[in-house]
Each structure stands twice: as structure tokens, then as C-alpha cells.
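Colleague: My structure is below; once you've seen it, I'll send some questions.
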Amino acid sequence: MPPSVDVSVVVTLDLADRFTAQGLLKARPDWAVDVYDSLPVPFGLVRYGVAADHQGSKAITRQFERIFERQGARFFGNVSLGRDVTLEALRGAYDAVVLAAGLAGDRDHGLGEADGIHSPVRRALFGEDDPRFTGLISWRAVVPRAAVADLPNLDSFTKWWGPTPDRQIVTFPLSRGEEIFVFATTGQDDWTEEGWTLPGDVAELRAAFADFHPEARALLAACTEVTRSALHVCEPMAEWSRGSVALLGDAAHPMVPFMAQGACMAIEDAVVLSRALGGVDAQGIPAALRHYQAVRIPRTSRVQERSLANEWLKEGGNADWVYGYDAWSVPIPDAAPAA
């Protein structure tokens, strides 16, 4: 068995960190996997109930223990308040660093507070440009199913396209059908407001879709609170790894949500990354990370581009290339066989 290797998985509390950590622990039970997490606001972990002395933290700890129990992970819930972690510090402490969401920290190295699409590591290590605004604003709301009980076609994924490409409405059920998630987009020339997600004006949203089908208007009439955010994109990257550092999820391939594949791509990344690292020692990590990116970049780039085009399923077509992909069996150079 290769010697123990410390692998730092630097992510936010989302699907990417769960599956990456689980995959690595399953593929390499001899490794030590640390998950670093933060929220990009001052004392964010306290404000959002993750700090050890915050009410409800014990329940959070128990949930994480259940998630990782089968892989033998330990969850301590240790929290350092008001303290950033830099990429340089992590590179000095670990044999490998996997970034799913960027880092807060050292501005001398070009690393400011960030998350996912705004990852400063993508700029610092790979020279990538800042995300560009698509000219689209997204609106999100959750409506009780009982409030729109008379509306049809809400028990599965439903999409309305507008007469102009900037306007669309998407719905799908939540909470075992008890709620309906509503996603809509409208056009806007620029985005100069501070913050990623802001409160929205329901009246403004309804007015933007006043010429849509009566069922769509009735759905928006049931929305009582909405949020809005700008949609940004980055061009597909030519590489995701540099030495012992690799990107994953939104840090590697941020995409607009029109195909609902962002989280799916992050999960696939985690599987392929775990397989690529399955049979290597510390010296083999850089090569394994290159193999991981070689397998994943063509697929995620295609999804990024197709999602931005926003023609997905508009006129039918074969979706097997999306849903038929098996991250557990796709060939990886020098990868250990899947368990």
C-alpha cells in the first residue's frame, strides 16, 4: 500500500465537497482527507449556524457523521472565526489540494474572497479572465403547490420559452411535490449591484412576463417573495490542474443553469478524480490530476457551451450524451479499476 498522503479538499458546503471527500476516502482509505469550509462574509460560520457554540450545531455534526460514517471519516466541527486560509498555506501543508469553490485570503497573491465561478485561484494559477455578465438576470421563488392547484403540467420539469431568448420560466417540484420551484430570466444591460443574490420585486417579475401564457402568469401571481441574481459565465478552460493543485465543480467549469447540470458535473468530477487518484503515491499526484482533467474537460466544455446556447430540448433531440455518461466506467489513463 502506498504511504499515507494528506489530501486537502477545499470546498463549500455543497454536493461537490460531499462526493469528493467520500470518493477519495473510498478510493484511498489510507489517505487523510481534510475538508476546509467557509462562508464569504465576516464571521459567516457563526451567523449561519456552523460554529460550535451556535444553537443547532450538534445536529449539523450528527448529520455529517452519518454522511461520512461508511468511509470512516471523522467530523470535528472545528471552527476558526474570522481567519482566512491561503492557497500557499495549503500547498505547504498538503500533498494535494482540490479546489471546488476558491479561497478567501491573501490579496498579495491575487486571492480575494471568492466562491465557485468567482474563484481567484482560476485567475492566479491559470490566468483566466474574470467571469463576464451574460446580460441575463435570474429570478427564483418557491410556491406552495396548493397555491397553484388548478395549474396543470407542474408535476415534472416544465419550461416556457418566450418570444425573445432572454425570457424563460422553468419549474419543477420540490418537497415530494408539496412545493414548486420557479426559475425565470429577464434581460438587463449590466449588473453593478453589490452581492450575488438580492431580494427581487415580484411586481417587476410579473410585468416582465405579462405577455406570456395565462398559466405562466398565474404561476408568477402566486409568487410572494423572489430573489434575483446576475448570471455570469467563463469560457471553457484548457487546463484545471497545476502541479498538485486541481479545480473541480464551479471553480473549474462555471455554467449557466439552463440544463440543470452544474451539480451533476461536479459529482462526475468527484468520481473521476477519485478514480484517477486511486492507485498513486505522492509523486504520482500531478500526473493523476492531469489525467483527471484530460477526461473531464471535453465533456464539461460541451455542457457549458450547450447550456449557454439555451436550446436544450427546445426542439427535441437525443439526450443520451448527457444522461448516458458513466463516470465510474469512462476510461482514465493509468487509473485503478473501479471498486
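With UniProt numbering, the residue at position 100 of the sequence shown is 100, and numbering never jumps. Even glycine gets a Cβ: it sits at the ideal position worked out from N, Cα and C. A quick note: this is a predicted structure, and the numbers were derived from the prediction, not measured.
1. Below 9 Å between beta carbons: does that hold for D201 and G135?
2. Please list the terminal residues of the continuous alpha helix (DSSP H) segment that includes V256.
3. Using CA atoms only, rank isn't needed, just tell me which of A327, R306, I267, W240 is closest to L289.
4. Would you call the stretch 231-239 and the stretch 265-285 touching, i.e. three or more CB-CB distances under 8 Å?
5. Less than 9 Å between the beta carbons of L151 and E215, yes or no?
6. Can you look up L198 in the DSSP assignment and give me helix, strand or coil?
7. Inspect the CB distances between the stretch 241-248 and the stretch 138-145 and report whether three or more fall short of 8 Å.
8. For the beta strand (DSSP E) that contains A246, what are its first and last residues?
9. Identify the residues that DSSP records as bridge partners of S138: which are they?
10. Let's test the definition: count the other Cβ atoms within 10 Å of the Cβ of E305 and tell me whether it reaches 16, buried, or not, exposed.
11. Are there 16 or more other CB atoms within 10 angstroms of the CB of T192, so buried, or fewer, so exposed?
12. Can you tell me whether DSSP reads P165 as helix, strand or coil?
13. Starting from V295, follow the alpha helix (DSSP H) in both directions and report where the run begins and ends.
14. Rounded to a whole number of angstroms, what is the C-alpha to C-alpha distance between S8 and P298?
15. Apart from the five residues on each side of it in sequence, which residues of its chain come closer than 6 Å, Cβ to Cβ, to G262?
16. For H213, does the count of other Cβ atoms within 10 angstroms reach 16, so buried, or fall short, so exposed?
17. How long is the line joining the alpha carbons of L90 and A221, rounded to whole angstroms?
18. Skipping 5 residues on each side, what residues in its chain have a beta carbon closer than 6 Å to that of A208?
19. On the DSSP letters alone, give me the boundaries of the alpha helix (DSSP H) that E215 sits inside.
20. If you measure between the beta carbons of Q293 and A246, is that distance less than 9 Å?
21. How long is the line joining the alpha carbons of R122 and D250, rounded to whole angstroms?
22. Tell me which same chain residues have a C-beta within less than 7 Å of the C-beta of R259, skipping the five on either side of it?
23. With a 10 Å radius around its C-beta and 16 neighbouring C-beta atoms as the bar for buried, classify W328 as buried or exposed.
24. Judging by CA-CA distance, which residue of A184, Y94, N153 is the nearest neighbour of G177?
25. For F133, which of A27, V170, S229, Q168 has the nearest alpha-carbon?
26. For L174, which beta-bridge partners are listed by DSSP?
27. Could you tell me the distance, in whole angstroms, from the CA atom of W160 to the CA atom of M265?
28. If we count the other Cβ atoms within 10 Å of its Cβ and call it buried at 16 or more, is T227 buried or exposed?
Modeller: Checking against the coordinates, here is how it stands:
1. Annotated as distal: D201 and G135, with beta-carbon spacing of 9 Å or more.
2. Per DSSP, V256 belongs to no alpha helix (DSSP H) and is neither H nor E.
3. W240
4. Taking 8 Å as the limit for Cβ pairs, the verdict is that the stretch 265-285 does not touch the stretch 231-239.
5. The answer is yes: Cβ separation under 9 Å.
6. strand
7. no
8. 245-247
9. T185, S229
10. exposed
11. exposed
12. coil
13. 285-309
14. Caution applies to S8, whose pLDDT of 49 falls short of 50 and renders its modelled position unreliable; the model cannot decide the point.
15. M255
16. Exposure of H213 is indicated by the presence of fewer than 16 other C-beta atoms within 10 angstroms of its C-beta.
17. 49 Å
18. T186
19. 214-221
20. Against a cut-off of 9 Å, the Cβ pair of A246 and Q293 comes out as a contact.
21. The straight-line gap from Cα to Cα measures roughly 10 Å.
22. Here residue 259 turns out to be Met, not Arg, going by the sequence shown. For M259, same chain residues with a beta-carbon under 7 Å away, outside a window of 5 residues either side, are V303, R306, S307, W312 in chain order.
23. exposed
24. Taking only the C-alpha atoms, the option nearest G177 is N153.
25. S229
26. E179
27. The alpha-carbon atoms of W160 and M265 are separated by roughly 25 Å.
28. exposed
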